[in-house]
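Position one of the sequence shown corresponds to residue -13 (our numbering), numbered consecutively onward.
Written below as structure tokens is the structure these notes are about.
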Amino acid sequence: MHTRTQSGWSRGRRVPLTVAVAATAGAAVTLVTTARAATSPPGAGKKATPEVQITKDLAYAPAQPAGTEGHLLDLYVPKSRKPVPLVISTRGSAWLADNGRRDADKVAAHLNPAGYAVAGVSIRSTSQARFPAQLHDVKAAIRWLRANAERYNLDPGRVAIMGDSSGGWASAMAAVTTGDPATEGDVGVSGPSSAVQAAIPFYPPTDFRQMDAHMPGNCEEFNAIMGTTGCHNDPRSPESRLVGRTVPDCTEEQIAPTDPLTYVGRRPVPPTLIFHGEPDALVPYHQGRLLFEELADKGHDTGMYSFPKAAHGTLFEMLSDDAVREGAYKETARNGRTTPARPTTPTWNTVIAFLDRHLR
-13 MHTRTQSGWS RGRRVPLTVA VAATAGAAVT LVTTARAATS PPGAGKKATP EVQITKDLAY
47 APAQPAGTEG HLLDLYVPKS RKPVPLVIST RGSAWLADNG RRDADKVAAH LNPAGYAVAG
107 VSIRSTSQAR FPAQLHDVKA AIRWLRANAE RYNLDPGRVA IMGDSSGGWA SAMAAVTTGD
167 PATEGDVGVS GPSSAVQAAI PFYPPTDFRQ MDAHMPGNCE EFNAIMGTTG CHNDPRSPES
227 RLVGRTVPDC TEEQIAPTDP LTYVGRRPVP PTLIFHGEPD ALVPYHQGRL LFEELADKGH
287 DTGMYSFPKA AHGTLFEMLS DDAVREGAYK ETARNGRTTP ARPTTPTWNT VIAFLDRHLR
């Protein structure tokens, strides 16, 4: 049974953490703030660590199926007299798990001191629902956050999204479908916009039909990890599970709506910054390049950081580990003009500078 509350839905006895521990909420926030200040994440800059209000297990829609966590989010909001801009974080799992909100505390450790709230958002797995449920979920979470912006001191006009792998796909999809009513769905609250003002996808799948042709190492690592034999075209691949049938057997009408590239050129796309490792053995580097080049060709504001030595799943290392960042280079495109690639060493300050440029 789901109960509609002022801020969303509660699932049985599960309630927002700030309500459940109201008597000790201040102590909990102080403890997190103290620990964060003591660990000083690399690349976080020199800004003082703020007091942070942490609220967990917020339901942006009823659980589907009951008892699952695909419609939950966690909030990390720095104390401020004015509403703060928001960055949504959703981690990847090949769409196999409903735990996209994990590691939001690590993202918040870098972004809260810069004045950004962070929402760790989960979406449903492919064992719980097929596409377009996952796109509808991320849009529902954005609408819910806007609907409750005043309650949590968020600025509804300044929202960005970031994620990696399938979470990078969700981030890219949120960006390229901004303003498209056909992609909204009926999950959660209606009314507020699901638009984002910036997106930062890390190694996102962008065109399922082109993945296998560009996989390194004859797909051996992918098959070993995923338990497949036919790479992304296998019936058990993450993409086939998402669509509900083997990728090569899909019609254009079935597969095109799942690809971020499909939507580029239809409507304005917010500034998008892409990160991808060239030796990625799960989501080929070509997928990130496809998105960057398509956005650039259509005149959108975009950038891409490429990493000759970064494997899949290295979001945090791409911004902090010298071995992973060795040889990294950046390209940017704006108004149809692309700048030549130049060497660079990205950090969390790189992410913050991008957010400042488009959300401040």
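A virtual CB, placed ideally from N, CA and C, is assigned to each residue, including glycine.
Beta-carbon proximity of residue i to residue j, cut-off 9 Å
| i | j | result |
| --- | --- | --- |
| glycine 352 | alanine 319 | This structure gives no information on residue 352, because the portion of the chain shown stretches from -13 to 346. |
| methionine 197 | alanine 267 | no |
| alanine 210 | aspartate 123 | no |
| leucine 131 | isoleucine 186 | no |
| glutamine 388 | proline 51 | The structure shown has nothing for residue 388, since the chain only spans -13 to 346. |
| arginine 195 | isoleucine 241 | yes |
| alanine 199 | valine 182 | no |
| threonine 248 | alanine 282 | no |
| serine 306 | threonine 336 | no |
| arginine 347 | arginine 77 | Residue 347 lies beyond the residue range present for the chain, which begins at -13 and ends at 346; the question has no answer from this structure. |
| leucine 277 | arginine 144 | no |
| glycine 251 | glutamate 280 | yes |
| alanine 184 | leucine 341 | yes |
| serine 108 | leucine 140 | no |
Where the alpha helix (DSSP H) containing residue i begins and where it ends
| i | result |
| --- | --- |
| proline 224 | 224 to 229 |
| phenylalanine 340 | 334 to 345 |
| leucine 247 | Element bounds for leucine 247: n/a, residue is neither H nor E. |
| phenylalanine 208 | 206 to 212 |
| leucine 131 | 119 to 133 |
| lysine 284 | Counting along the chain, lysine 284 falls outside any alpha helix (DSSP H), and DSSP gives it neither H nor E. |
| valine 93 | 90 to 97 |
| glutamate 239 | 238 to 241 |
| alanine 309 | 308 to 311 |
| phenylalanine 302 | 301 to 304 |
Beta-carbon contacts of residue i that lie in its chain and below 6 Å, excluding the five residues immediately before and after
| i | result |
| --- | --- |
| alanine 94 | Tyr62, Val104 |
| proline 221 | Thr232 |
| glutamate 303 | Val310 |
| glutamate 225 | Phe194, His218, Val233 |
| arginine 116 | Gly230 |
| histidine 272 | His200 |
| tyrosine 102 | Pro71, Val73 |
| proline 329 | Tyr315 |
| glutamate 227 | Note on residue identity: the sequence assigns arginine, not glutamate, to residue 227. Closer than 6 Å at Cβ, skipping near neighbours: Thr112. |
Host beta strand (DSSP E) of residue i (start-end)
| i | result |
| --- | --- |
| methionine 159 | Element bounds for methionine 159: not the beta strand (DSSP E) but the alpha helix (DSSP H), 152 to 162. |
| arginine 62 | It is worth fixing the name first, because residue 62 is tyrosine in this sequence and not arginine. First-last of the beta strand (DSSP E) with tyrosine 62: 58 to 64. |
| asparagine 39 | Contrary to the premise, residue 39 reads as glutamine rather than asparagine in this sequence. Its beta strand (DSSP E) spans residues 38 to 45. |
| glycine 106 | 103 to 107 |
| glycine 263 | 258 to 263 |
Per DSSP, cross-strand counterpart(s) of residue i
| i | result |
| --- | --- |
| glutamate 317 | Met290 |
| methionine 411 | Residue 411 lies beyond the range of the chain shown here (-13 to 346); nothing can be said about it. |
| proline 167 | Beta-bridge pairing links proline 167 to no other residue. |
| arginine 328 | Lys316 |
| valine 70 | Leu140 |
| arginine 323 | Arg320 |
Nonlocal neighbours in the same chain, by C-beta distance under 7 Å from residue i, ignoring five residues either side
| i | result |
| --- | --- |
| glycine 285 | Asn321, Gly322 |
| glutamine -8 | Bear in mind that a pLDDT of 35 at glutamine -8, under 50, signals an unreliable position, so the model cannot answer this. |
| threonine 331 | Arg311, Ala314 |
| glycine 154 | Gly78, Pro187, Phe188, Tyr189, Pro190 |
Residues near residue i in its chain [Cβ-Cβ closer than 8 Å; skip 5 each side]
| i | result |
| --- | --- |
| arginine 343 | Pro257 |
query: Does the region 148 to 163 come close enough to the region 292 to 312 that 3 or more CB-CB pairs lie under 8 Å?
result: Taking a cut-off of 8 Å on C-beta distances, the region 292 to 312 touches the region 148 to 163, as three or more cross pairs fall below it.
message: With three or more C-beta pairs closer than 8 Å as the rule, is the region 212 to 222 touching the region 161 to 170?
response: no
- prompt: Does the region 131 to 147 come close enough to the region 81 to 93 to have 3 or more Cβ pairs within less than 8 Å?
  reply: Proximity of the region 131 to 147 to the region 81 to 93 falls short of the contact definition, fewer than three beta-carbon pairs being nearer than 8 Å.
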